[in-house]
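Scroll down for the structure; my scribbles are underneath it.
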Amino acid sequence: MDALRLANSAFAVDLFKQLCEKEPAGNVLFSPICLSTSLSLAQVGAKGDTANEIGQVLHFENVKDVPFGFQTVTSDVNKLSSFYSLKLIKRLYVDKSLNPSTEFISSTKRPYAQEMETVDFKDKLEETKVQINNSIKDLTDGRFENILTDNGVSDQTKILVVNAAYFVGKWMKKFPESETKECPFRVNKVCGAACQRIPADLKNYSNKGDQRFAPVRKMRAQEVVCLS
């Protein structure tokens, strides 16, 4: 289990570096666990050099039981909490023309996809797209609508893996909305936008006592916290 966590972390760092190199000044948002789950599922259906290369990318060299590891990770992620809601949605859609073997179904269903479904991409493409979009929308409480775009699948699609994750957290000490005001926010050196922000002189109450935050001019520091 620890080996899989280390592998997923290493994969996340590798991918993060690649994304930052591609867009040095951009914002990066991605879900490593969704991507590693999808790639590990592809590894199950691959053989030889392809399977080995996928395993190298995912750092699976020291992971003895990948399916069991992902089954445990998924169970941990989906545990209920009073402080947050975190869901990891996984679905596997297989075109009916493939007729997947019992071995493939049993090796993928529990650790990777909560449900595998046979669909008809070739003859009922639009109906299948609507069916998948509605299913993911229901599973994510309406937060993901039309996850499949017009060009997302075609009548040549054979297998579709859908992974969706969403997180909703609760503030331990919530800021009063009445104290926010519209201020400029810099997206990068060129672009900016107006957003609701908390003034710097507003007290933030935490479990470690009252804290005050304020900007300090002409000081090379990312953040200064003064406890009073």
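Residue numbers for the sequence shown follow full-length UniProt numbering, so the first one is 1 and each next one is one higher.
Just so you know, even glycine gets a beta-carbon here, dropped at the ideal spot from N, CA and C.
Requested in this report: Please work out which residues of its chain come closer than 6 Å, Cβ to Cβ, to Asn163, disregarding the five sequence neighbours upstream and downstream, and give them in chain order.
Outcome: Cys34, Thr37, Ser38 and Lys90
Query - alpha helix (DSSP H) segments (min. 4 residues) lying fully within the segment 23-54 - result: 32-44
Requested in this report: Find out if the Cβ-Cβ distance for the pair Val3, Asn62 is shorter than 8 Å.
Outcome: In the sequence as presented, Val is not what sits at residue 3; that position holds Ala. Cβ atoms of Ala3 and Asn62: closer than 8 Å.
Query raised in the report: Per DSSP, which one or two residues make a beta bridge with Gly192?
Result: Arg186
**Report entry** Residues of its chain near Ile159, where Cβ-Cβ distance is below 8 Å and the 5 sequence neighbours each way are ignored
**Finding:** Gly45, Leu92, Tyr93, Val94, Asp95 and Leu98
Query raised in the report: Taking the DSSP output, what are the residues bridged to Arg197?
Result: Lys181
Report task. Kindly indicate the opening and closing residues of the alpha helix (DSSP H) around Leu125. Result -> Leu125 to Leu139
**Report entry** Inter-residue Cα distance where the pair is Gln18 and Lys174
**Finding:** Per the coordinates, the alpha-carbon of Gln18 lies some 35 Å from the alpha-carbon of Lys174.
Report task. Specify, as a first and last residue, the run of the beta strand (DSSP E) that Asp95 falls within. Result -> Tyr84 to Asp95
**Report entry** Coil, strand or helix - Val162 by DSSP
**Finding:** strand
Requested in this report: Given a cut-off of 8 Å, decide if Asp120 and Thr128 are closer than it, judged by their beta-carbon atoms.
Outcome: yes
Report task. Could you tell me how far apart the beta carbons of Ile54 and Gln71 are, in whole angstroms, since I believe they sit closer than 8 Å? Result -> Incorrect: roughly 19 Å between the Cβ atoms, too far for contact.
Query - C-beta atoms of Phe30 and Leu6 nearer than 8 Å - result: No.
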